[in-house]
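Colleague: A single structure is presented below for examination.
There are 4 protein chains.
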Amino acid sequence: MIKVGIVGGTGYTGVELLRLLARHPEVELLAITSRGETGTPVAEMFPSLRGSVDLKFSDPKDAPLAACDIVFFATPNGVAMQQAVQLLDVGVRVVDLAADFRIQNIAEWEKWYGMKHASPELVAEAVYGLPEVNRSAIRHARLVANPGCYPTATQLGFLPLVESGCVDLSSLIADVKSGISGAGRKAETSSLFSEAADNFKAYGVSGHRHLPEIQQGLARVAGGGAVGLTFVPHLTPMIRGIHATLYARIAREADFQQLFESRYAYEPFVDVLPSNSHPDTRSVRAANICRIAVHRPQEGNVLVVLSVIDNLVKGAAGQAVQNMNIMFGFDECTGLSQIPVLP
Amino acid sequence: MIKVGIVGGTGYTGVELLRLLARHPEVELLAITSRGETGTPVAEMFPSLRGSVDLKFSDPKDAPLAACDIVFFATPNGVAMQQAVQLLDVGVRVVDLAADFRIQNIAEWEKWYGMKHASPELVAEAVYGLPEVNRSAIRHARLVANPGCYPTATQLGFLPLVESGCVDLSSLIADVKSGISGAGRKAETSSLFSEAADNFKAYGVSGHRHLPEIQQGLARVAGGGAVGLTFVPHLTPMIRGIHATLYARIAREADFQQLFESRYAYEPFVDVLPSNSHPDTRSVRAANICRIAVHRPQEGNVLVVLSVIDNLVKGAAGQAVQNMNIMFGFDECTGLSQIPVLP
Amino acid sequence: MIKVGIVGGTGYTGVELLRLLARHPEVELLAITSRGETGTPVAEMFPSLRGSVDLKFSDPKDAPLAACDIVFFATPNGVAMQQAVQLLDVGVRVVDLAADFRIQNIAEWEKWYGMKHASPELVAEAVYGLPEVNRSAIRHARLVANPGCYPTATQLGFLPLVESGCVDLSSLIADVKSGISGAGRKAETSSLFSEAADNFKAYGVSGHRHLPEIQQGLARVAGGGAVGLTFVPHLTPMIRGIHATLYARIAREADFQQLFESRYAYEPFVDVLPSNSHPDTRSVRAANICRIAVHRPQEGNVLVVLSVIDNLVKGAAGQAVQNMNIMFGFDECTGLSQIPVLP
Amino acid sequence: MIKVGIVGGTGYTGVELLRLLARHPEVELLAITSRGETGTPVAEMFPSLRGSVDLKFSDPKDAPLAACDIVFFATPNGVAMQQAVQLLDVGVRVVDLAADFRIQNIAEWEKWYGMKHASPELVAEAVYGLPEVNRSAIRHARLVANPGCYPTATQLGFLPLVESGCVDLSSLIADVKSGISGAGRKAETSSLFSEAADNFKAYGVSGHRHLPEIQQGLARVAGGGAVGLTFVPHLTPMIRGIHATLYARIAREADFQQLFESRYAYEPFVDVLPSNSHPDTRSVRAANICRIAVHRPQEGNVLVVLSVIDNLVKGAAGQAVQNMNIMFGFDECTGLSQIPVLP
């Protein structure tokens, strides 16, 4: 049993962490903080947790975070970079579900996130928490930067192609669709039911913060060299789920189905579907799985990869728990064996 | 470990049974049958089960159902009444998730279901599987009639009032709203997305099959005497969930909040909310829970009870597993501790 | 051609007024105001209006409202009661789509709306804008209080029964379901897509502001005497639409189908469906129609009336235009002949 | 006034044609046929039409189609090619909303549609009904092949780029998302609410029938030469709407915003949005408009065009009425000035 704390538990990644951690056999939940909701029982805000989570939100400055083995930051961007260092200094390991430690190039991060980085020295130490790429580094990490939702679906879909050098790296396209929970639980007009339901739209076409994160990740596995990527995010009227439709020009022939199956043969949370499959997002709803299919339409020179995850699980809280399992030497699947909810 | 079979696994109650049973620590899934899909891997039809269920659908006549300890019928009405008897004869216990054994009055059943009953003698033996009323009878039952979804939400909401004699039994009203999965997985025009989405409607106002089931259940706990009930079902554009809004005229004063809390104090799957609460259906999504709130608007003489369940879990598959747990002496919560999925 | 102004055009009733008025052959749109959006082209905020509405939002104090023949207030409660008087004083007629002038009893209004009324003298003059009841008074009104959405659906459903004295007035029940646009376009957590989608819930069971409005309306047509009404509003995951399910105990026998058909025979915007019908909300989507069906389940002593409207049209903007047509002597259907959008 | 008939009116394009034609000032609806629903009032099947359409479905062989000036085929593929010739022979003009006359290459058509073509000679005569390309030919056409929904959104988005020769024609990508009504009103499991809601998926990645239609259309305006197109259709959980996200590599520099604005300056139903816009599908809901935005992310060498239509209007029935207006010399906007329904 390890002691676990959560900083910032009033958003969707917070409640999802609680759903997973409350049933995790190796975890004792010690504290969950919220400045605005101090004293409120967690189950009052999230009635789904009635009977499962008895904690109240505590004030960040009173919470026994230093007594935890690990603390998750489920906070807006810019919080963990301020607060993680104190915890690390007293031996607490940290997983940040926001973006503070994802981008190694500080100038790049500051450009996209519009603020000065408070802990550049920690960025260098932070391990990017995509287990399918960085498992051994995660094991020993003090500080893990949990990947974004779009980057998880997109990188897992491109990975076998980029690692193997089969595709033209200068012209990748990622057309990605997200459920509305990806926009978080903030009260914003654009996320209202009557605005988002029965509607579909692209956004951020000129540039989205997840673009440099994906490019950095792909460049690494490509063995350096720039990656030319066009990334277009969209909002689709469903609560959970990301569907990445990825396009790559073939540079070298291969058995692409076999390439994907081999690459992920021993990955517990990546499922390569049979040829000619079309994964739907509900096939991963509420579970820590990425399902992938690879197509070559009309036997042409373009590959189409379809990659789906639940943005709140494999795209956020589930992956964070997976990283925790790795960091503490638990079986990687502990507490993550939920079957997707369908229908 | 007990051996379990499912007859008719291609509908929503079938896949939901599989989701629950595949992770149940006391269960070995032996067979799941489907005449139309014989030989198809279950996970091909329901990709959410990939990696969790390796079975193929088998032909009903070849399946090792007689070797099971218990068989669930997740079939249309009229199937279990034909086939249950052979299984019972060889010592297999049976839970029918359809309506064949729910109504004790055979003539009444035949009127509402429009067919001749094939096993009237079994109806008398069958135990109505609402654990909150019939727990001890269920323990020893060979044959359990799993309640309907509307009847579960409605009876649990009315139960404390009717048992205690606090309300006028002649003028109960149940205005109940169901998600579309309640209509099943049959390809019918009225259940199409483009017909059911962004739409709300009542149906079956002149009479619905769940009316006699609810009346029978309430009459029993009322100590006999007819129950006057107006029952209006509606379809609401969501996948899962039932919300019963129940109206009863007060016949005798009481502390109604206390009445509900006492009645369900030891029920693991009924959660009475604090005064002035409004349960939402998502607070029970994908979990075996009924959440209830009781109101007395404007301190008048009408009580309003709000009762929510997931129609596929506490309203079908979850309740069936709960019944199985009781029948075989397992802890009643075994395999049913999933936390609701929110958002 | 009359000159028309709108105060407060950034909400859903505002954009719906614009949709209707922009195609109204007798209307010239002179001004639409918004303090927060002064200078923004209306079609920038609502791209659906591109090519149809060229106005910009103007500052309320600069807008040529006094030059209008009629001004619609599509503002939050409490605005029109401050500003209507200046317009009325210079001969502008006013329709308030908020609640400021709906309740004749000032004390009652102040209790439910939690503020002091600024123009109690205007309340007495204001005409409640339900044309099916008050058509002739509306014709000559300077100030019309446009009814709420729940009250419109509920009153139209109960009207024939209450007017005719066929039902017990002490035990009426209105179980009403609204699409989420009824909550407006304010950025509130509870109206977020990820909170409201795939979910159903009641709210305000202990008391909702539309209760006294409905009671006042029914009491008037009942010829005085109190009306006992239990009113439970619910939110259903669709954008537009209200479905009222109304329950009344029969006090005197009648041909109820005939009663409804006669009552509404000459009403252009109320459609009584044939016996045994179940109106769905999409059958009135985006149109100024109320469709009603009346049932007598199991030939018992309870009548069930189903009444559907689009909350933004017959429940708000459409009814306001209908009132304008009456006030200015236009054919009542002018500009309101849109066919519902289905699917 | 012209006399109009509809063959096959029980699907979504049928009811949408009725919605538009019933208010068209130059149209008299003479007949609507349905083999299966002969004798049923149209408004009984589609209650949205109560009070607006008094016709009953008539048997195809009895209907006065030969007395019509124009007949719309809103039938499945393969019907119009059998029946159009008789009507054309007696001077009736025909618009086919299905695919029978869209593809000039008969062998290609037969491959994709899996049947032998019954009227290859008519294919040569048929005019492809995309007014923005073929307006003058449509004016004189006896037989118009109304474009598919995906092809309309995709061609209008690519048109300025392909006509001007600014982009590499060998590597076009169309990632297109459709609402579920695009699958029609047939009762199929995959179109059920509980299958399609809260879900997103691609389909037909290996090849979809609209691929050759789009390629044919783009090749024509490119001045011949093959067009290399990867086309991936998706289903998104909304009723109406298509969102095409189009990718093209720049071959020659230009002011792309200006290019689009010039191309569509005089098109009444194509709206080019300002730079950096993201059209949402609801901004065209229920209206005959295509809205387009063009982007050049990160000032790179890939253009991204966003193109939205309502699949049932500009993607089907609305475009058919637009074609009718052209064919009969009416103002092209007659009966098509509905403002989109938002929210």
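Sequence order for the protein chains is A, B, C and D. Per this note's numbering, the first sequence runs over residues 734 to 1076. Per this note's numbering, the second sequence runs over residues 734 to 1076. Per this note's numbering, the third sequence runs over residues 734 to 1076. Per this note's numbering, the fourth sequence runs over residues 734 to 1076. Every residue gets a Cβ at the ideal spot worked out from N, C-alpha and C, and that includes glycine. From a predicted model like this one, the values you see are computed outputs, not experimental measurements.
What does the Cβ neighbour count give for B:Asn1056, buried or exposed, with the cut at 16 atoms within 10 Å?
Modeller: Label assigned to B:Asn1056: buried.
Colleague: Can you name the start and end residues of the alpha helix (DSSP H) that B:Cys1023 belongs to?
Modeller: Unbroken run through B:Cys1023 is the beta strand (DSSP E), 1023-1028; no alpha helix (DSSP H).
Colleague: Do three or more CB pairs link the segment 776-787 of chain B to the segment 804-815 of chain B at distances below 8 Å?
Modeller: No, because fewer than three Cβ pairs between the segment 776-787 of chain B and the segment 804-815 of chain B fall closer than 8 Å, the two stretches do not touch.
Colleague: According to DSSP, is B:Pro880 part of a helix, a strand, or is it coil?
Modeller: Looking at B:Pro880 - three-state DSSP - the assignment turns out to be coil, as it is neither helix nor strand.
Colleague: When burial is assigned at 16 or more other CB atoms within 10 Å of the CB, is C:Asn867 buried or exposed?
Modeller: So C:Asn867 counts as buried.
Colleague: B:Leu1039 touches chain C at which residues, Cβ-Cβ below 9 Å?
Modeller: Simply Lys934, Ala935, Val938, Val965.
Colleague: What in chain A is Cβ-close to D:Ser927, meaning under 8 Å?
Modeller: Here the neighbours are Pro1076.
Colleague: Determine contact between the segment 954-962 of chain B and the segment 891-900 of chain B, defined as no fewer than three beta-carbon pairs at a distance below 8 Å.
Modeller: Short answer: they touch.
Colleague: Does the separation of the CB atoms of B:Glu770 and B:Thr746 fall below 7 Å?
Modeller: No, these two residues do not count as a Cβ contact at 7 Å.
Colleague: So with CB distances below 8 Å, who are the chain A contacts of C:Ile839?
Modeller: By Cβ distance, chain A contributes nothing, its closest Cβ being about 33 Å from C:Ile839, past 8 Å.
Colleague: If you follow the alpha helix (DSSP H) that D:Pro853 is part of, which residue opens it and which one closes it?
Modeller: Counting along the chain, the alpha helix (DSSP H) containing D:Pro853 begins and ends at 853-858.
Colleague: By the 9 Å beta-carbon criterion, what residues does the segment 953-980 of chain B contribute toward chain C?
Modeller: Hits within the stretch, in order: Gly961, Thr963, Phe964, Val965, His967, Leu968, Thr969, Pro970, Met971, Ile972, Arg973, Gly974, Ile975, His976, Thr978, Tyr980.
Colleague: Pick out whichever of A:Cys1023, A:Met814, A:Leu762 has its Cα sitting closest to the Cα of A:Lys789.
Modeller: Per the Cα distances, A:Leu762.
Colleague: Report yes or no: is there a C-beta of chain D within less than 7 Å of the C-beta of C:Ile765?
Modeller: Chain D, which has no Cβ nearer than 7 Å to the Cβ of C:Ile765, makes this no.
Colleague: My understanding is that C:Tyr936 touches C:Leu968, with C-beta atoms under 8 Å, so please give their C-beta distance in whole angstroms.
Modeller: Going by Cβ atoms, the distance from C:Tyr936 to C:Leu968 rounds to 6 Å, so yes, they are a contact pair.
Colleague: If we define contact as Cβ-Cβ less than 7 Å, is C:Ile1072 a contact residue for chain B?
Modeller: Not one chain B Cβ lies under 7 Å of C:Ile1072.
Colleague: Taking the alpha-carbon of A:Gly811 as reference, which of A:Lys794, A:Gly741, A:Ile983, A:Pro1076 has the nearest alpha-carbon?
Modeller: Of A:Lys794, A:Gly741, A:Ile983, A:Pro1076, the residue nearest in Cα terms is A:Gly741.
Colleague: 7 Å is my cut-off, CB to CB: does C:Asp822 come that close to chain B?
Modeller: It does not: the Cβ of C:Asp822 has no partner Cβ on chain B nearer than 7 Å.
Colleague: Can you find the residues in the same chain that come closer than 8 Å, C-beta to C-beta, to D:His757, ignoring five residues on each side of it along the sequence?
Modeller: Cβ neighbours of D:His757 beyond the five flanking positions: Val1054, Thr1067, Gly1068.
Colleague: Whole-angstrom Cβ separation of B:Val856 and B:Phe834, contact assumed at under 8 Å?
Modeller: Contact holds; Cβ gap of about 5 Å.
Colleague: Taking C-beta pairs closer than 7 Å, name the residues in chain C that D:Val748 reaches, listed in chain order.
Modeller: Within chain C, the residues near D:Val748 are Leu1075.
Colleague: Identify whether D:Val825 lies in helix, strand or coil by the three-state DSSP scheme.
Modeller: Here D:Val825 sits in coil by DSSP.
Colleague: With which residues is C:Gly738 paired in a DSSP beta bridge?
Modeller: Bridge partners of C:Gly738: C:Ala764, C:Val804.
Colleague: Assuming B:Arg1024 contacts B:Asp1004 (C-beta within less than 8 Å), just tell me the rounded distance between them.
Modeller: With a Cβ gap of about 5 Å, B:Arg1024 and B:Asp1004 count as contacting.
Colleague: Helix or strand or just coil, what does DSSP make of A:Ile1072?
Modeller: Note: A:Ile1072 maps to coil in three-state DSSP.
Colleague: Just the chain C side, please: which residues come within less than 7 Å of B:Val1035 by C-beta, in chain order?
Modeller: Thr963, listed in chain order.
Colleague: With three or more beta-carbon pairs closer than 8 Å as the criterion, would you say the segment 915-929 of chain A touches the segment 976-986 of chain A?
Modeller: No: fewer than three Cβ pairs fall under 8 Å.
Colleague: Got a sec: is the Cβ-Cβ distance from A:Pro1030 to anything in chain D below 7 Å?
Modeller: Closer than 7 Å to some Cβ of chain D, the Cβ of A:Pro1030 qualifies, so yes.
Colleague: For C:Pro966, report the span of its beta strand (DSSP E) as first-last.
Modeller: Segment 962-968, the beta strand (DSSP E) holding C:Pro966.
Colleague: Which residues in chain A sit within 7 Å of C:Ser914, going by Cβ to Cβ distance?
Modeller: Those within 7 Å of C:Ser914 in chain A are Ser927.
Colleague: With a 10 Å radius around its C-beta and 16 neighbouring C-beta atoms as the bar for buried, classify A:Glu854 as buried or exposed.
Modeller: Classification of A:Glu854: exposed, given that the 10 Å Cβ count is below 16.
Colleague: How do the segment 896-909 of chain B and the segment 900-918 of chain A stand: do at least 3 beta-carbon pairs fall below 8 Å, yes or no?
Modeller: Result no; under three Cβ-Cβ pairs closer than 8 Å.
Colleague: According to DSSP, what are the bridge partners of C:Lys789?
Modeller: For C:Lys789, which the question treats as bridged, DSSP gives the partners C:Pro774.
Colleague: Does DSSP put B:His850 in a helix, in a strand, or in coil?
Modeller: Note: B:His850 maps to coil in three-state DSSP.
Colleague: Using the Cα positions of B:Gln991 and C:Met848, report the straight-line distance between them to the nearest angstrom.
Modeller: If I take the Cα positions, the gap works out to 35 Å.
Colleague: Taking the straight line between their C-alpha atoms, what separation do you get for C:Pro884 and C:Ala859?
Modeller: If you take the alpha carbons of C:Pro884 and C:Ala859, they lie about 17 Å apart.
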